[in-house]
Every structure is written in C-alpha cells, then in structure tokens.
Amino acid sequence: MGEEAPEFRVESVALESKDCLQNAIDIGDKTYVISRSDDPKSSITIKILDKLTQTWVVPTVLGAPPNPTSSHSAVLVNNEKILIIEKGVPLNDSIWFLEVDTPFVKQQSKIKGTVVVAWSKGVIGEGQKPIVISGPSGVGKGTLIAKLMKEYPSKFGFSVSHTTRAPREKEIDGVHYHFTERSKIEEEISEGKFLEFAHVHGNVYGTSIEAVESVTDEGKRCILDIDVQGARSVRASSLEAIFIFVCPPSFEELEKRLRARGTETEEQIQKRLRNARAELDQSNSPGIFDHLLVNDDLEACYENLKKLLSLDDDHEDSNDSFIKDGKETACYSILSKTNSEILLQSETNEAEKGTTNLILLDLSSLSGGAPGRTRGLKISPVN
Ligand SMILES: Nc1nc2c(ncn2[C@@H]2O[C@H](COP(=O)(O)OP(=O)(O)O)[C@@H](O)[C@H]2O)c(=O)[nH]1
Ligand SMILES: Nc1ncnc2c1ncn2[C@@H]1O[C@H](COP(=O)(O)OP(=O)(O)O)[C@@H](O)[C@H]1O
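One point on numbering: in the UniProt record's numbering, the residue at position 348 of the sequence shown is 348, and numbering is uninterrupted.
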C-alpha cells in the first residue's frame with residue numbers, strides 16, 4: 001500500500017539563506033508568508049498574498065509571538081492553523097501555532113475590521129486547569145488565596161490582574177495588581193493582550209494572557225481572583241478552568257467584613273454592597289460556576305477549598321517524560337504529516353547508537369488556543 005495522502009494540499013517552500021528563512025503556505029486562495037529577517041532581534045513577520053487579486057495584506061497579529069531565533073519550519077495543520085517549529089530554543093519553547101482561520105481569529109477579525117492572525121504557543125501535555133475564584137467584595141477571596149499560596153508556594157501561582165483603581169496602603173505594584181492608566185489598559189485590550197476585562201466598582205480590571213500563562217509556564221497552577229463578569233468571559237474563552245464562587249454566610253456578615261477591613265470609603269463600601277447583591281444573584285446562573293463555597297468559618301472554608309482542589313482530576317502529565325528533563329536545544333524540522341501526526345527529525349547528525357533523532361508529535365487532542373496556549377500536544381520518540 002502507498003503512503004497515506006496528506007489531508008490538505010500543502011505547498012511549503014523553504015527559501016533558506018544564511019541568516020533568514022521564509023515559508024510560504026497555501027490555504028485556498030491565499031498564501032501565508034512567514035519570514036524572519038537577518039536581524040536576530042526582530043521577530044517573525046507575516047504577509048498574506050491574495051492569489052486572485054495578486055495583492056499583499058499585512059494582517060493584524062495578535063498574541064505574543066515566538067522569541068526571535070535563527071530559523072523555523074512550518075506546515076499547515078488544518079485549514080485553521082499553521083504549525084511552526086522553532087530551532088535553537090529549548091524544545092518546550094519551540095512549538096507554535098499561527099491561527100489563521102479559527103473561531104477566535106474570525107471573531108477578532110469581525111471586531112477589528114481587519115485581517116487577523118494570532119499566535120498560540122504549543123504546550124506538551126494538558127497542564128493543570130487554572131482556578132477562577134469569584135465572589136462579592138469582602139467575602140474573603142483574597143484571604144483564602146493567600147492561605148493557599150502560603151501553604152503551597154510551589155504549586156500555585158497568582159494571576160496578577162491589571163486595574164485602574166488606586167493601590168491600597170499595603171498593595172505592591174506587580175504583586176497584588178499591575179496598577180495602570182485607563183488609556184494604557186484600553187490600548188492593550190484592543191491589541192488582544194487580555195483574556196478578559198470588566199468594569200467593576202467604577203474601575204477597569206483585566207486579566208492579561210501573560211498573567212495566566214507565565215504562571216502556567218512555571219509549572220504552577222494559576223489562580224484568578226476575578227468578578228462574575230470576568231468569570232463569564234473566561235468561561236466563553238478557550239481557557240479551560242475550574243470556577244469557584246465564594247459566598248458569605250449572610251449579607252450582614254459581608255457588610256461587617258467589608259467595614260472591618262477598613263480599606264474603602266463609605267461611598268465605595270455602598271457601591272460594593274450594591275454590586276454584591278447582583279453578584280450573589282448571578283452566582284446561580286447556570287453554566288458559570290462549578291462549585292459554591294460558603295466562607296463562614298475561615299478554617300473550615302479553607303479546608304473545603306483544599307478538598308475540592310484535590311478532588312479535581314489533577315494528574316501529572318505522563319506523555320511528556322521524554323522531554324521533561326530536556327532543556328535541550330531544539331533542532332527539529334518537520335519531516336512529514338498525516339491527519340493528526342507530525343514527524344519531526346533532528347537536524348544534528350549526532351544520532352549516536354540507540355539515540356532517536358525522530359519524534360512524533362500527536363495533535364489529536366488539542367485544546368485551548370489563541371489567545372494563549374494550545375494544550376494537549378503529545379510527543380514521543382520514534383524507535
Ligand atoms: N473581571 C475581572 N475582575 C477582577 C480582576 N481582578 C480583580 N477583579 C475583581 O474586582 C473586584 C474588586 O477587586 P478589588 O478592588 O481588589 O477589591 P476587593 O474585592 O474588595 O478586595 C473583585 O470582585 C475582584 O475579584 C480582573 O482581572 N478581571
Ligand atoms: N471566614 C471569615 N470570617 C471572618 N472574617 C473573614 C473571613 N474571611 C475573610 N475575612 C476578613 O474579611 C475581610 C475581607 O476579606 P478579603 O479576603 O479582603 O475579601 P475579598 O478578597 O473577597 O474582597 C478581611 O479583613 C478578612 O480578614
């Protein structure tokens with residue numbers, strides 16, 4: 001029997017010269033040209049040729065691009081995205097997707113009225129799902145999160161949000177929040193750098209994609225403290241998370257805690273209490289929260305939170321053991337592709353006896369995607 005035919009027609013022209021590499025990938029009537037210049041600091045540029053009109057378009061590029069490297073290889077995965085393998089970086093950092101026609105890209109294209117493409121970094125294995133914690137102001141979210149981070153500093157990391165509100169006395173910029181100007185956050189939101197944002201108590205709050213992914217990239221489980229609107233947006237995004245709503249034992253107790261904290265003016269307290277009623281109402285909306293926790297006695301609530309987190313189907317990724325210790329520099333190029341498997345070949349000819357220079361990248365269970373990370377990549381050596 002002959003070899004399985006590729007599912008899609010792929011024309012990949014590698015125009016390699018000493019210091020630059022360019023790939024041209026055809027999708028329908030368009031050719032996507034992915035190139036890097038000979039300036040080692042400049043990152044990849046994308047241009048699209050419309051073959052019917054013979055015109056070039058420079059798209060709006062969303063998401064953080066790969067760090068500059070010397071070269072890459074690329075292949076079309078399906079009609080939605082291009083897989084790019086970077087060379088000269090650790091293998092963990094070498095797998096990228098350029099989304100050209102995914103639902104996210106289509107949606108952003110509509111919003112912006114321009115042609116959009118978006119970067120997403122490939123992650124080997126699933127990683128642990130981030131934890132979204134919501135609840136009314138003063139209920140004790142921050143207190144519970146602080147306890148968790150103190151007890152398990154290497155397991156959990158906090159997603160540091162951006163906010164336009166003024167810092168409280170003991171709050172540190174970059175630790176509790178990134179305190180920012182409204183015009184700056186609005187600009188960054190329009191650049192697609194935020195996973196979600198919301199207007200809360202008269203200020204803008206938002207979670208940058210980087211805030212979540214930098215925690216995940218450190219191998220820690222990310223905790224987000226965001227309001228109900230934010231939780232709703234994350235639910236609708238490509239980020240798979242666990243959603244927990246923290247309730248007070250009573251409205252009176254909530255008010256007491258908020259006043260006792262002593263961080264807000266009376267006017268701000270009144271605003272937070274008004275919003276609290278709406279948040280408590282929304283906590284029962286179907287499809288947002290997976291768990292409700294009542295924070296009556298702090299220690300009891302904390303124990304329940306811990307139970308709930310260990311009940312979750314946390315699992316160590318097993319399929320990435322091949323590269324787990326490997327901060328080895330990637331020097332792979334794409335050799336072949338079937339429907340969901342890509343064969344990568346090491347370009348060094350150092351294949352000593354018994355050492356593999358072929359690896360198989362399995363794309364059959366991808367999840368997530370731009371803006372952020374594409375998870376669920378499986379990788380295995382070919383013997
Ligand atoms: N949507 C969204 N909400 C956030 C974010 N960061 C914080 N919040 C929420 O904004 C609200 C106000 O937070 P904060 O000003 O720290 O006051 P506190 O809740 O009274 O401690 C809380 O409900 C937070 O969960 C964010 O990045 N996105
Ligand atoms: N279970 C609890 N019982 C009594 N006070 C609590 C409890 N949990 C938190 N607090 C206190 O309530 C106040 C508000 O808690 P905080 O963590 O700042 O709430 P949030 O982050 O939800 O706004 C703080 O002064 C905190 O010490």
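Don't be surprised by glycine CBs; every beta carbon is placed ideally from N, CA and C.
- Summarising the contact set, residues whose Cβ lies nearer than 5 Å to any heavy atom of ligand 2 are, in chain order, Ser137, Gly138, Val139, Gly140, Lys141, Gly142, Thr143, Arg257, Arg261, Asn295, Leu298.
- Counting along the chain, Tyr205 sits inside the beta strand (DSSP E) bounded by residues 203 to 208.
- Looking from the CA of Trp119, the closest CA among Lys141, Ser94, Ile342 belongs to Ser94.
- DSSP lists Thr60 as the bridge partner or partners of Val116.
- If you check the CB distance, Ile131 and Leu76 do not come in under 8 Å.
- Counting only the Cα atoms, Pro66 lies some 12 Å from Ser35.
- DSSP, reduced to helix, strand and coil, places Gln268 within a helical segment of the structure shown.
- The region 139 to 152 and the region 184 to 195 do not touch, with fewer than three beta-carbon pairs separated by less than 8 Å.
- Put simply, the backbone Cα of Ser364 is about 12 Å away from that of Ile124.
- Here DSSP, grouped into helix, strand and coil, assigns Tyr302 to helix.
- Distance from the CA of Asn295 to the CA of Lys306, rounded to the nearest whole angstrom, comes to 13 Å.
- Out of Ala166, Asn203, Ser43, the CA that lies nearest to the CA of Ser70 is found in Ser43.
- Inclusion of His201 in the 7 Å shell around ligand 1 follows from its C-beta lying nearer than that to a non-hydrogen atom of the ligand.
- The DSSP-derived three-state label of Ala24 is strand.
- The beta carbons of Lys220 and Gly140 sit no closer together than 8 Å.
- Per DSSP, the continuous alpha helix (DSSP H) segment holding Thr143 begins and ends at 141 to 151.
- When Cβ pairs closer than 8 Å are counted between the two stretches, the region 222 to 233 is seen to touch the region 192 to 206, the count reaching three or more.
- Contact annotation: Phe245 and Leu309 have beta-carbon atoms that are not nearer than 8 Å.
- Counting every other CB atom within 10 Å of its CB across the protein chains shown gives Asn23 a total of 16 or more, marking it as buried.
- Fewer than three beta-carbon pairs drawn from the region 257 to 271 and the region 233 to 244 are found closer than 8 Å, and the two stretches are therefore not classed as touching.
- Around the beta carbon of Ile133, 16 or more other beta carbons lie within 10 angstroms, which makes this residue buried.
- Taken through DSSP and simplified to helix, strand or coil, Gly369 comes out as coil.
- Here Arg373 is buried: its Cβ has 16 or more other Cβ atoms, across all protein chains shown, within 10 Å.
- When the five nearest sequence neighbours on each side are left out, the beta carbons in the same chain lying within less than 7 Å of the beta carbon of Ser159 are those of Thr207, Ala211, Val212, Val215, Cys222, Ile223, Leu224, in order along the chain.
- Thr207 has its Cβ nearer than 7 Å to a heavy atom of ligand 1.
- When DSSP states are grouped into helix, strand and coil, Ser37 belongs to the coil group.
- With respect to the 8 Å criterion, Cys331 and Ser283 are not classified as neighbours on the basis of their beta carbons.
- Asp290 carries a coil assignment under DSSP once its states are collapsed to helix, strand and coil.
- DSSP places Ser190 within a helical segment (H, G or I) once states are collapsed to three.
- Bounds of the alpha helix (DSSP H) holding Glu253 are 251 to 261.
- The secondary-structure analysis by DSSP pairs Lys121 across a beta bridge with Trp96, Arg373.
- Spanning the alpha carbons of Asp217 and Ser380 requires a straight line of approximately 21 Å.
- The residues His201, in chain order, have a CB closer than 6 Å to that of Lys271 in the same chain once the five nearest residues on each side in sequence are set aside.
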